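The numbering of the sequence shown is the working numbering, which starts it at 1 and goes up by one.
Report on the structure given below.
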Amino acid sequence: MSLVRSAAGLERMMACNITKRDGMTIFICGSELPQWEVCAECGDVADILCDYPVGDGLTCDRNLCADCAVEVAPNLHYCKPHFEMWKQFKESGGVRDVLQNVVPFSRLDRP
Ligand SMILES: [Zn+2]
Ligand SMILES: [Zn+2]
């Protein structure tokens, strides 16, 4: 799931609250305070989640800003460590091997 950055920009123009987080004074604007997250890589405002599948139907869900997320497909983002894993998997032929295991039904040898 990915959120749209422009929505966060609009929020910033609304009334702001001042709060402290990790010893830093920051301004939080708008009414949806619990949804305000910081990027896991650089601490910037995060509005993207890593979509890398980690099993059981779950995704990595690391918070990422637009600079730290890698868009691998429209609306599909991976964090940088997971992007490297995905790239290595692809380059090792993982995707091709899966496809080669699919044997067309008509080509099966029958007695
Ligand atoms: Zn970042
Ligand atoms: Zn990830």
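Backbone N, C-alpha and C define an ideal beta-carbon position, used for all residues, glycine too.
None of these values were measured; they are calculated from a predicted model.
Pull up the distance between the alpha-carbon of N75 and that of T25, whole angstroms please. Here the question's residue 75 lines up with position 75 in the sequence shown. Here the question's residue 25 lines up with position 25 in the sequence shown. Distance between the alpha carbons of N75 and T25: 32 Å.
Of the choices Q88, A46, V70, V54, whose alpha-carbon is the least far from that of L64? Translated into the one-based positions of the sequence shown, residue 64 becomes position 64. Checking every option, the nearest Cα to that of L64 belongs to A46.
By the 10 Å Cβ neighbour count, where 16 or more other Cβ atoms means buried, how is C42 classified, buried or exposed? Taking the sequence shown and counting its residues from 1, the one referred to as residue 42 is at position 42. So C42 counts as exposed.
Given this structure, state the Cα-to-Cα distance separating S92 from H82, to the nearest angstrom. Along the sequence shown, read from residue 1 onward, the residue named residue 92 stands at position 92. Along the sequence shown, read from residue 1 onward, the residue named residue 82 stands at position 82. Taking the straight line joining both Cα atoms gives about 15 Å.
Backbone secondary structure at C74 - three-state DSSP: Residue mapping note: residue 74 aligns to position 74 of the sequence shown, counting from 1. Residue identity check: residue 74 is Pro in the sequence provided, not Cys. Of the three classes helix, strand and coil, the one that applies to P74 here is coil, per DSSP.
How long is the line joining the alpha carbons of T59 and Y52, rounded to whole angstroms? The residue labelled residue 59 in the question sits at position 59 within the sequence shown. The residue labelled residue 52 in the question sits at position 52 within the sequence shown. Rounded to whole angstroms, T59 to Y52 spans 5 Å at the Cα level.
Going straight from the alpha carbon of F89 to that of Y78, what length do you get? On the sequence shown, residue 89 is found 89 positions in, with the first residue counted as 1. On the sequence shown, residue 78 is found 78 positions in, with the first residue counted as 1. Distance between the alpha carbons of F89 and Y78 is about 14 Å.
Assumed close pair C50, D61 - CB separation to whole angstroms, cut-off 8 Å: Here residue 50 corresponds to residue number 50 of the sequence shown, with the count starting at 1. Here residue 61 corresponds to residue number 61 of the sequence shown, with the count starting at 1. That pair is a contact at about 6 Å.
For the candidate residues G57, V72, A73, K80, whose alpha-carbon lies nearest to that of D39? Taking the sequence shown and counting its residues from 1, one reaches residue 39 at position 39. Asp is not the amino acid found at residue 39; the sequence shown has Cys there. Comparing Cα-Cα distances from C39 to each of G57, V72, A73, K80, the minimum goes to K80.
Give a single yes or no on whether G55 has its beta carbon closer than 8 Å to a heavy atom of ligand 1. Looking up residue 55 in the sequence shown gives position 55. Checking the Cβ of G55 against ligand 1 gives no.
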